[in-house]
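According to the numbering used here, the residues represented by the sequence shown are 190 to 272, in order.
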Amino acid sequence: MRREGVIVREGTPADLTGGTKETEIRYRRDGHEVVLRTEEPTRVLNELTAEALAEGRELEGLSVRRPTLEDIYLLLTASEADE
Numbered sequence: 190m191r192r193e194g195v196i197v198r199e200g201t202p203a204d205l206t207g208g209t210k211e212t213e214i215r216y217r218r219d220g221h222e223v224v225l226r227t228e229e230p231t232r233v234l235n236e237l238t239a240e241a242l243a244e245g246r247e248l249e250g251l252s253v254r255r256p257t258l259e260d261i262y263l264l265l266t267a268s269e270a271d272e
């Protein structure tokens, strides 16, 4: 991947996306979207579901995802002016 003509990272798609352990968890609460980023998704999901069950509510719009190759590309190739 290049940024301003300089190679910023090389590797297979698995190498590029596997380097991060961060997982994104999204859900809606009281009409607002909540976005959490964590390296411990199992623990965080356990806490979120336990809290929701105790309060008798659902985790509306729940989604869990790891960064895609496109996410990594955009992150690595963003210019310093964008950051």
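Don't be surprised by glycine CBs; every beta carbon is placed ideally from N, CA and C.
Source: prediction; values computed, not measured.
Nearest-angstrom Cβ-Cβ length linking residue i and residue j, presumed shorter than 8 angstroms
i	j	result
E247	A239	So it is not a contact: roughly 13 angstroms between Cβ atoms.
L265	V197	5 angstroms
I261	L225	The Cβ separation is near 19 angstroms, so there is no contact.
Pick from the options that is closest to residue i, judged by C-alpha positions
i	options	result
I214	E199, P256, T201	P256
G201	P230, L234, L258	Sequence inspection shows Thr at residue 201; the Gly mentioned does not correspond to that position. Comparing Cα positions, the closest option is L258.
E249	E211, V233, V223, L264	V223
K210	T266, V253, L263	V253
L251	E199, V233, E228, V195	V233
E244	L225, L205, E199, R218	R218
E228	A267, G220, T212	T212
N-terminal and C-terminal residue of the alpha helix (DSSP H) that residue i is part of
i	result
V233	230-244
L248	Looking at the DSSP string, L248 is not in any alpha helix (DSSP H), and its letter there is neither H nor E.
Opposing strand residues paired with residue i [DSSP bridges]
i	result
T257	Answer by DSSP bridge pairing: none, since T257 is not bridged.
Y216	V223
Bounding residues of the beta strand (DSSP E) (the contiguous stretch that carries residue i)
i	result
E211	No beta strand (DSSP E) contains E211, which DSSP labels as neither H nor E.
T227	221-227
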